[in-house]
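These notes concern the structure reproduced below.
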Amino acid sequence: MLLALSFPRYGHGAVAFIALVPLLVALSGWNGRSGHYPGVTARRGFALGLLAGFVHFAGTVYWTGATVQTFGGLAWPVAVFVTGLLVLYMATYVAVAGAIAAVWIRRFGLWGLALFPAAWVALEYVRGHLFGGFPWIPLGNTMIALLPVAQLASLLGVYGLSLFVGLVNAGFAGVALAAGRTRRITATATLALIAGVSIWGGQRMAVNTLVDGGTPIRVGLVQGNIAQVDKWNPAREGMIVERYLQLTRQAADAGADVLLWPESATPFYFADDPKADAIRATVQAIGRPLLLGSDEFEPGATNRFYNSAFMLDAGGAIAAVYRKIHLVPFGEYVPFQRILFFVGPLVEAVSAFSAGTQVTMLPMHGHMASTAICYEVTYPELMREAVRQGSELLTTITNDAWYGESSAAYQHFEMAAVRAVEQGRYLVRAANTGVSGIIDPYGRVLIRTRLFETVAVVGEARFVQEKTLYARIGDLVAHVSAVLTLAALAAALMRKPQP
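Given below as structure tokens:
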């Protein structure tokens with residue numbers, strides 16, 4: 002429950018500092034009468050981790066049930082079952098971490114607690130990549146609520162933040178289990194770790210180098226607030242286009258140099274439909290480039306559909322097209338269809354999109370920007386690749402209308418904020434129903450809209466060229482954690498349990 006309360010919308014990131022302590026104490030096999038902590042079996046460690054992970058993810062990704070029921074046409078018992086499968090899948094990674102930690106504690110005593118963060122990070126990294134990956138709400142993302150601590154992401158990325166949070170939890174668990182001098186040393190070291198990272202991060206924010214430099218640009222974010230049931234309703238096409246054009250003109254009048262529309266903003270295929278001429282004409286009239294989301298159709302021997310972002314220049318011509326690389330499972334494709342035969346209505350409701358193959362640079366006022374569409378902003382390596390190719394401004398466009406008033410939109414926004422810190426770039430976000438906003442390279446939110454408001458907002462961002470350490474080394478901390486986990490597990494299995 003503490004893990005669930007570490008994430009928005011109902012919790013706060015500070016809770017994450019103690020969220021794993023109950024699990025670690027349980028894994029130690031602590032006996033209150035004897036004061037011993039002999040550890041538990043790997044099987045029990047797996048069960049404890051599975052229970053903790055299931056409650057954690059049930060409390061954070063609960064919104065998937067309502068989404069697949071409302072928009073996937075599933076009966077509510079089937080929707081609950083599908084959500085349970087997802088939660089169980091995500092919890093399995095926590096269970097494996099628990100089993101590994103149980104082996105370490107039985108072999109190395111309390112030193113096994115210190116190794117636990119490496120196992121957590123290694124499995125979190127695997128979850129972000131296996132079967133296409135589902136890197137939703139990594140533990141380190143909780144620190145975006147504590148911006149001085151979050152600056153560590155500029156060095157080690159979100160997995161480095163997860164490692165930090167894990168070490169803090171291991172430290173507090175050690176304080177709970179140890180006694181005497183060991184307890185005092187552990188408490189001092191844990192508090193010093195928190196203080197050291199916080200002081201360094203606060204100083205980094207105070208220097209403010211990334212904000213003071215760079216070329217400024219005023220960005221207009223258009224939040225159309227189109228209900229999901231209306232997006233592809235032919236009777237609503239005129240209303241949708243006119244709303245976006247009206248908000249676009251408002252943003253241009255307010256001084257926007259470039260404009261962003263959300264994911265799948267147009268109720269037609271932008272590249273092929275004559276109704277797109279009105280959009281091109283408006284862009285030409287205001288003389289400002291526009292980034293918009295639209296589905297794309299590519300005919301051929303096998304027809305292909307893409308979730309795409311079109312960059313229009315100030316004359317209304319297409320300057321670049323980015324095709325979404327990481328598709329949403331159960332939203333843009335249904336994995337394991339043969340196994341999940343009972344989700345037939347969902348298969349029929351979900352469009353079979355094809356995945357894009359490469360990051361695309363978007364020209365803006367003589368600089369290069371990049372975009373991520375919807376859920377793929379949760380992939381750190383995608384943004385890093387964009388910066389490696391020369392992106393000076395990060396953008397993301399999304400349609401969070403699927404999520405209603407749930408926690409999902411807030412979780413999504415905060416994961417995008419971590420990308421800004423990792424790469425040392427401004428990140429601008431246009432969401433159909435919110436939350437839209439502008440985030441500076443230190444994770445500070447400069448503009449933030451409310452959910453389900455129809456609005457156009459304008460704010461300043463900057464093109465930044467300096468690269469963070471994380472942009473250079475990538476997820477090295479996750480790779481080292483994986484190697485350390487395997488090496489320590491092999492060493493533990495060759496060693497007798499502690500008496």
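Residues in the sequence shown are numbered from 2 upward in steps of one, following the numbering used here.
Cβ atoms here follow ideal geometry from the backbone N, Cα and C, with glycine treated the same way.
On a predicted model such as this, the values are computed, not experimentally measured, just so you know.
Note to self: For residue 296, list the residues DSSP reports as bridge partners.
What the structure shows: Walking along the sequence shown from the start, residue 296 turns up at place 295. 308, per the DSSP bridge assignment.
Next item on the list: Using a Cβ-Cβ cut-off of 9 Å, state whether residue 220 counts as contacting chain D.
Entry: Looking at the structure shown, chain D is missing, and only one protein chain is on hand.
Notebook entry, point to check: Got a sec, what are the start and stop residues for the beta strand (DSSP E) residue 448 sits in?
Noted result: Counting from one through the sequence shown, the residue named residue 448 turns up at place 447. Note, residue 448: beta strand (DSSP E), 446-449.
Next item on the list: Measure the Cβ-Cβ separation of residue 274 and residue 283 and say whether it is below 9 Å.
Entry: Residue numbering aside, residue 274 sits at position 273 when the sequence shown is read from its first letter. Residue numbering aside, residue 283 sits at position 282 when the sequence shown is read from its first letter. No, Cβ-Cβ distance for residue 274 and residue 283 is not below 9 Å.
Check: Which class does residue 57 belong to by DSSP, given the choice of helix, strand or coil?
Finding: Position 56 of the sequence shown, counted from the start, is the residue given in the question as residue 57. Note: residue 57 maps to helix in three-state DSSP.
Item checked: Every unbroken alpha helix (DSSP H) inside the segment 450-495 [4 residues or more] -> 470-474, 477-494
Notebook entry, point to check: Could you give the distance in angstroms between the alpha-carbon of residue 254 and the alpha-carbon of residue 414?
Noted result: Taking the first residue of the sequence shown as 1, we reach residue 254 at position 253. Taking the first residue of the sequence shown as 1, we reach residue 414 at position 413. Looking at the two C-alpha atoms, the distance is approximately 27 Å.
Checklist line | Alpha carbon of residue 123 to alpha carbon of residue 458, nearest angstrom | finding: Counted from its first residue, the sequence shown places residue 123 at position 122. Counted from its first residue, the sequence shown places residue 458 at position 457. Near 40 Å, if we compare the C-alpha coordinates of residue 458 and residue 123.
Note to self: Restricting to Cα atoms, I'd like to know which of 304, 185, 463, 162 is closest to residue 199.
What the structure shows: Within the sequence shown, the letter at position 198 stands for residue 199. The shortest Cα separation from residue 199 among 304, 185, 463, 162 belongs to 162.
Notebook entry, point to check: So does the segment 292-299 actually touch the segment 309-319, counting three or more Cβ pairs closer than 8 Å?
Noted result: yes
Next item on the list: Note the first and the last residue of the continuous beta strand (DSSP E) segment covering residue 265.
Entry: Locating residue 265 in the sequence shown gives position 264, where the first residue counts as 1. Here residue 265 belongs to no beta strand (DSSP E), and DSSP marks it neither H nor E.
Notebook entry, point to check: Taking C-beta to C-beta, are residue 90 and residue 125 nearer than 9 Å?
Noted result: Against the sequence shown, residue 90 aligns to sequence position 89. Against the sequence shown, residue 125 aligns to sequence position 124. No, the pair does not count as a contact, with Cβ atoms beyond the cut-off.
Check: Whose C-beta lies closer than 6 Å to the C-beta of residue 60 among residues of the same chain, with five residues either side of it excluded?
Finding: Looking up residue 60 in the sequence shown gives position 59. Same-chain partners within the cutoff: 5.
Check: So, helix, strand or coil for residue 37, using DSSP?
Finding: Here residue 37 is taken as the residue at index 36 of the sequence shown, counted from 1. Residue 37 falls in the coil class under three-state DSSP.
Notebook entry, point to check: By Cβ distance below 6 Å, which residues in the same chain neighbour residue 418 in space, the five residues on each side in sequence not counted?
Noted result: Counting from 1 along the sequence shown, the entry for residue 418 is found at position 417. Only 145, 440, 444 meet the Cβ criterion.
Check: If we count Cβ pairs, one from each stretch, closer than 8 Å, do we get three or more for the segment 419-437 versus the segment 379-397?
Finding: yes
Notebook entry, point to check: When burial is assigned at 16 or more other CB atoms within 10 Å of the CB, is residue 224 buried or exposed?
Noted result: Residue mapping note: residue 224 aligns to position 223 of the sequence shown, counting from 1. Label assigned to residue 224: buried.
Notebook entry, point to check: Among the residues of its own chain, which have a CB less than 8 Å from the CB of residue 25, if the five just before and after it don't count?
Noted result: Counted from its first residue, the sequence shown places residue 25 at position 24. 102, 114, 117, 170, 171, 174, listed in sequence order.
Next item on the list: Could you check how far apart the C-beta atoms of residue 54 and residue 92 are, in whole angstroms? I think they sit under 8 Å.
Entry: In the sequence shown, counting from the first residue as 1, residue 54 sits at position 53. In the sequence shown, counting from the first residue as 1, residue 92 sits at position 91. The pair is a contact, with the Cβ atoms about 3 Å apart (cut-off 8 Å).
Check: For the alpha helix (DSSP H) that contains residue 118, what are its first and last residues?
Finding: Here residue 118 refers to the residue found at position 117 when the sequence shown is read from its first residue. Residue 118 -> alpha helix (DSSP H) spans 112-128.
Next item on the list: Going by CA-CA distance only, name the one from 154, 264, 178 that's closest to residue 32.
Entry: The sequence position of residue 32 within the sequence shown is 31, counting from 1. For residue 32, the nearest C-alpha among the options comes from 178.
Notebook entry, point to check: DSSP on residue 437, reduced to helix/strand/coil?
Noted result: As a working note, residue 437 is residue 436 in the sequence shown. Correct three-state label for residue 437: coil.
Margin query: Strictly by DSSP, which residues pair up with residue 224?
Written below: Here residue 224 refers to the residue found at position 223 of the sequence shown. DSSP output for residue 224 lists 456 as bridge partner(s).
Item checked: Neighbourhood of residue 357 by C-beta distance below 6 Å, restricted to the same chain and skipping five residues each side -> By 1-based counting over the sequence shown, the position of residue 357 is 356. Correct list, in chain order: 324, 325, 326.
Note to self: Assess contact between the segment 185-205 and the segment 127-134, defined as three or more Cβ pairs (one per stretch) separated by less than 8 Å. Is contact present?
What the structure shows: no
Margin query: For residue 247 and residue 280, what's the separation of their Cα atoms in angstroms?
Written below: Position 246 of the sequence shown holds residue 247. Position 279 of the sequence shown holds residue 280. Rounded to whole angstroms, residue 247 to residue 280 spans 11 Å at the Cα level.
Margin query: So residue 206 and residue 148 are supposed to be a Cβ contact under 8 Å. How far apart are they, rounded?
Written below: As a working note, residue 206 is residue 205 in the sequence shown. As a working note, residue 148 is residue 147 in the sequence shown. Correct: roughly 7 Å between the Cβ atoms.
Notebook entry, point to check: If you compare alpha carbons, which of 398, 64, 150, 166 is closest to residue 139?
Noted result: Within the sequence shown, numbered from 1, the residue matching residue 139 stands at position 138. It is 166.
Next item on the list: Assign residue 399 to one of three DSSP states: helix, strand, or coil.
Entry: In the sequence shown, the residue the question calls residue 399 occupies position 398. Of the three classes helix, strand and coil, the one that applies to residue 399 here is strand, per DSSP.
Checklist line | Reference residue 197, options 222, 209, 231, 152, closest by Cα | finding: Residue numbering aside, residue 197 sits at position 196 when the sequence shown is read from its first letter. Comparing Cα positions, the closest option is 152.
Check: Between residue 1 and residue 58, what straight-line distance do the alpha-carbon atoms span, to the nearest angstrom?
Finding: Absent from the structure is residue 1, since the part of the chain shown begins at 2 and ends at 500.
Note to self: Let's see if you can read the secondary structure: which residues bound the alpha helix (DSSP H) around residue 148?
What the structure shows: By 1-based counting over the sequence shown, the position of residue 148 is 147. Unbroken alpha helix (DSSP H) run through residue 148: 148-151.
Margin query: Could you tell me which whole beta strand (DSSP E) segments of length 3 or greater appear in the segment 352-380?
Written below: 363-365, 368-374
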